[in-house]
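**Student:** Structure below; questions to follow.
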Amino acid sequence: MNIKSFAIMAGVLALAACGDNTPNPEMLKGANFIAAGTGTDITLSFDANEMRVNGQVVNLYNGTYEVNGDKIKFGPFASTMMMGPMDAMQTEQDYFQFMATVESYDLTDGRLTLKNADGKEIVFQQVEPAAEVVEAEVVEEVPADAVAEPVATK
0 MNIKSFAIMA
10 GVLALAACGD
20 NTPNPEMLKG
30 ANFIAAGTGT
40 DITLSFDANE
50 MRVNGQVVNL
60 YNGTYEVNGD
70 KIKFGPFAST
80 MMMGPMDAMQ
90 TEQDYFQFMA
100 TVESYDLTDG
110 RLTLKNADGK
120 EIVFQQVEPA
130 AEVVEAEVVE
140 EVPADAVAEP
150 VATK
């Protein structure tokens, strides 16, 4: 084997080692997900600038997260305290308890799978962010004195 062949083989092996399918934590930033729960959907959004998440089950919630490779840990969630249908409230309670135990994740083809040590998992589908409300553009301002006065009737 000559030196040129050796260099090519070494380059191919080095490139193959780079493709280890380790999740890229940057792919979570700014991403939005939804999962079907019993009685309600579950949303999960990752902040684009900070290591924070937010979403909604019955109540709105937010919290922090840490990620290293395929390992992920969520901090305690803060949430609003509204009531909802019993099955949806149970889904929310189960979800919050599960999220405290999540240890790893996989993000492949727009599907986010969160797993805990017991093998329990929840699968989210990536969605586009909600459309932003755009303020109406003022086309023409009407002078105040141009407003018609009501006509008095007898």
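Going by numbering that gives the first Met the number 0, the sequence shown opens with residue 0, and the numbers climb by one from there. Cβ coordinates follow ideal geometry from the N, Cα and C atoms, glycine included.
When DSSP labels each residue in this structure, what does residue 127 get in the three-state scheme?
**Tutor:** The answer is coil: DSSP assigns residue 127 none of H, G, I, E or B.
**Student:** Unbroken beta strand (DSSP E) runs of length 3 or more, entirely within the region 77–124: which are they?
**Tutor:** You should have 101–107, 110–115.
**Student:** Considering only the beta carbon of each residue, do residue 122 and residue 31 sit closer than 8 Å?
**Tutor:** No, the Cβ-Cβ distance between residue 122 and residue 31 is not below 8 Å.
**Student:** Taking 6 Å as the limit between beta carbons, can you name the residues of its chain near residue 115, skipping five residues before and five after?
**Tutor:** For residue 115, where only same-chain residues beyond five positions count, the Cβ hits under 6 Å are 100, 101, 102.
**Student:** Mind checking whether residue 76 and residue 60 have CB atoms under 8 Å apart?
**Tutor:** Cβ distance < 8 Å, so residue 76 and residue 60 count as in contact.
**Student:** Going by the beta-carbon positions, is the gap between residue 37 and residue 57 smaller than 8 Å?
**Tutor:** No, the pair does not count as a contact, with Cβ atoms beyond the cut-off.
**Student:** Could you check how far apart the C-beta atoms of residue 70 and residue 64 are, in whole angstroms? I think they sit under 8 Å.
**Tutor:** About 11 Å separates the two Cβ atoms, so there is no contact after all.
**Student:** Have a look at the DSSP bridge pairing and note the partners of residue 62.
**Tutor:** Partner(s): 52.
**Student:** Going by DSSP, which residues form a beta bridge with residue 35?
**Tutor:** The partner list for residue 35 (beta bridge, DSSP) reads 40.
**Student:** Under 8 Å, do residue 47 and residue 62 count as touching if we go by C-beta distance?
**Tutor:** Result no, Cβ atoms of residue 47 and residue 62 do not sit closer than 8 Å.
**Student:** The beta strand (DSSP E) that contains residue 28, what's its start and end?
**Tutor:** No beta strand (DSSP E) holds residue 28; DSSP gives it neither H nor E.
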